[in-house]
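Peer 1: Here you go, one structure.
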Amino acid sequence: MAKYRKLSRTSSQRKALLRGQVTALIANGKIVTTEAKAKEVRKIAEGLIASAVREKDNFEEVTVKAKVARKDKDGKRVKEVVDGKKVTVYDEVEKTIKKDKPSRLHARREMLKVLYTVKEVPTTASGKKKNTKEVDLTAKLFDEIAPKYAGRNGGYTRIVKIGQRKGDGALEVVLELV
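Set out below in structure tokens:
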């Protein structure tokens, strides 16, 4: 018996397709795809969520001192003239950050092997590059999704059949996080 479906693609195409669909599933919460693809995506997504659930509390909070640029009311950096040069003014601030322990760091890096980077475009000023921001999907897995499934032993996704596709008659399904 085969361990995975080939989906009529070469290995590189198949890997890219599955990575894209897993990324979309975690970013949006559900995707519409064919049944065969959904079953393959489910395997990968459930593995990622399971590792996030295992490592969700495996960090320590550390207080660090950081230099942050002082900004004016418009959000621009404040500059000062020192020795004839314009220099940005920095303030020293204490910040509390989460420092991953080694096993959580390993889990994060394994997730980054699978997930693509996602850019979020705001609806109000869509089309403008400066308003887009990158979404950290590994942080979303650890901070939002893992606590939601902490009491569950697997079964983080659901496949709901929605009928046949008009073009080729392939069975379409909705793959969603439970």
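The numbers in the sequence shown follow my numbering, run straight up by one, and end at 180. Here a beta-carbon is modelled for each residue, glycine too, at the ideal position from N, C-alpha and C. The structure displayed is predicted, hence computed values, not measured ones.
1) Hey, would you say D32 sits closer than 8 Å to P149, going by beta carbons?
2) Buried or exposed: where does K39 fall if 16 or more other Cβ atoms within 10 Å of its Cβ makes it buried?
3) From the DSSP output, in three-state form, read off A126 for me.
4) For E178, which of L19, K135, I161, N60 has the nearest alpha-carbon?
5) Tell me which same chain residues have a C-beta within less than 6 Å of the C-beta of R110, skipping the five on either side of it?
6) So L117 and I28 are in contact, right, with Cβ under 8 Å, and what is the actual spacing, rounded?
7) According to DSSP, is K115 helix, strand or coil?
8) Note down the Cα distance separating V70 from L107, rounded to an integer number of angstroms.
9) Answer with yes or no whether the minimum CB distance from S10 to chain D is below 8 Å.
10) Please report the distance separating the alpha-carbon of I147 from that of A26.
11) According to DSSP, which residues form a beta bridge with A68?
12) Note the first and the last residue of the continuous beta strand (DSSP E) segment covering T134.
13) Leaving out five residues on either side along the sequence, give the residues of the same chain with a beta carbon under 7 Å from the beta carbon of D138.
14) Below 7 Å CB to CB, which residues in the same chain sit around E48 once its five sequence neighbours on both sides are set aside?
15) Compare the Cα-Cα distances from K115 to each of N30, L20, E136, K103 and report the closest residue.
16) Which residue's Cα is closest to the Cα of N152: V180, K135, E82?
Peer 2: The short version:
1) The question names Asp, but residue 32 is Lys in the sequence shown. Not in contact: K32 and P149 (Cβ atoms no closer than 8 Å).
2) buried
3) Position check: residue 126 holds Thr in this sequence, whereas Ala was assumed. Reduced to three states, the DSSP call for T126 is coil.
4) Selected option, being the one with the closest Cα: I161.
5) T140
6) 7 Å
7) helix
8) 26 Å
9) Absent from the structure: chain D. Only one protein chain is present.
10) 14 Å
11) Beta-bridge pairing links A68 to V95.
12) Counting along the chain, T134 falls outside any beta strand (DSSP E), and DSSP gives it neither H nor E.
13) none
14) G156, Y158, T159
15) L20
16) The sequence given here has Ala at residue 152, not Asn. The residue from V180, K135, E82 with its alpha-carbon nearest to that of A152 is V180.
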